[in-house]
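A.B. asks:
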Amino acid sequence: MLSNYQFGDEVVFRGNAGTLEYLDLVVESGAVEMFKERGLFTPTSHPKLKYVKFELDGDHGLYPFATETAYIQFLLNIGRSAAVRVLPHMFSQTGIYAVLSLLGDYPNIQVLQLRSTRLSLWDAITIIKSLPLLSDLHCESLALDPLPDEVTEDELSAYLVSNYGQIGERFRCFHVYCMSGRLLKEVVTCVLLLALICPNLDYCVPPVDYFTYFMNHMKSTIDSDGFKDNAPRLRRLLFT
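For the sequence shown, the numbering used here gives the first residue as 261, with consecutive numbering after it.
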């Protein structure tokens, strides 16, 4: 990891375009402009990259990018075939829409980390459908809203199974980093709903401090009216 890139040029990256596999970089806006001027990170450069985390230093917002979409496009173009993508920025809803609209062009992603971004259930479904190799998805939290028109929370299980069938054959694990207060109920409900349409979703990893609360709430929710008909299938998510 290179934190606060201190070099005045791209010397660190000279000669490794064909061999670099792991990139974990925190940079200031001036370094980004220099990288762009020298064509360092383009869609065709660094074809061997497997892990990409490229973070802007927090003092200058998104500068030199004019919009979140431009920033996201730049991030995704670094090592287009990388299997692990870390997008550390806290994205607005506009940024989330940009991520969702672009992901289909990056089918090699197996692990996507959006740990500072809250996703809706529907965002998560779109991501899983867009990435056929996805095994792990990280996010800050999960929310049910908005519900489809004329569908109640109790009807969501049947609605999802009817409208989506099965998705995400390789999807196995959710990592959620915030579930305090009412978020706990929403996260549990979202994960159980996703488990109904993701046949191999076996794990949801909560924050360590919430592990016991999370598992207890998941157990009681599985036995509730909205999920008890699928309880044998859903109990695989309970682990100690």
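Just so it is clear, CB atoms sit at the ideal spot from N, CA and C, and this is done for glycine as well. A quick note: this is a predicted structure, and the numbers were derived from the prediction, not measured.
Residue ranges of each beta strand (DSSP E) run of no fewer than 3 residues wholly in the region 316-378, ordered along the chain?
C.D. replies: List check, beta strand (DSSP E) in window: 344-346.
A.B. asks: Identify, in the order they occur along the chain, each residue of the same chain with its Cβ nearer than 7 Å to the Cβ of Ile314, setting aside the five sequence neighbours on each side.
C.D. replies: Sequence inspection shows Phe at residue 314; the Ile mentioned does not correspond to that position. Excluding positions up to five away in sequence, the list reads Leu283, Leu285, Leu335, Ile338.
A.B. asks: State the start and end residues of the unbroken alpha helix (DSSP H) segment that holds Leu443.
C.D. replies: Residues 443-457.
A.B. asks: Under a Cβ-count criterion, where at least 16 other Cβ atoms within 10 Å of its own Cβ denotes burial, should Leu498 be classed as buried or exposed?
C.D. replies: Looking at its Cβ environment, which holds fewer than 16 other Cβ atoms inside 10 Å, Leu498 is exposed.
A.B. asks: Identify the continuous alpha helix (DSSP H) that holds Leu381 and give its terminal residues.
C.D. replies: Element bounds for Leu381: 381-390.
A.B. asks: Between which two residues does the alpha helix (DSSP H) containing Glu293 stretch?
C.D. replies: Here the alpha helix (DSSP H) through Glu293 covers 289-297.
A.B. asks: Report the partner residues of Ala403 according to the DSSP bridge assignment.
C.D. replies: Answer is Ser380, bridged to Ala403.
A.B. asks: Nearest-angstrom Cα distance between Phe434 and Arg298?
C.D. replies: Rounded to the nearest angstrom, the two C-alpha atoms are 38 Å apart.
A.B. asks: With distances taken from CA atoms, which of Tyr437, Asp462, Ile427, Leu280 is nearest Pro492?
C.D. replies: Nearest of Tyr437, Asp462, Ile427, Leu280 to Pro492, Cα basis: Asp462.
A.B. asks: Rounded to the nearest angstrom, what separates Lys445 and Gly275 at their Cα positions?
C.D. replies: Cα-Cα distance, rounded: 51 Å.
A.B. asks: Between Asn490 and chain C, is any beta-carbon pair separated by less than 8 Å?
C.D. replies: This model lacks chain C altogether; it includes just one protein chain.
A.B. asks: Do you know how far the Cα of Asp317 is from the Cα of Thr472?
C.D. replies: In a straight line, the C-alpha of Thr472 is about 35 Å away from that of Asp317.
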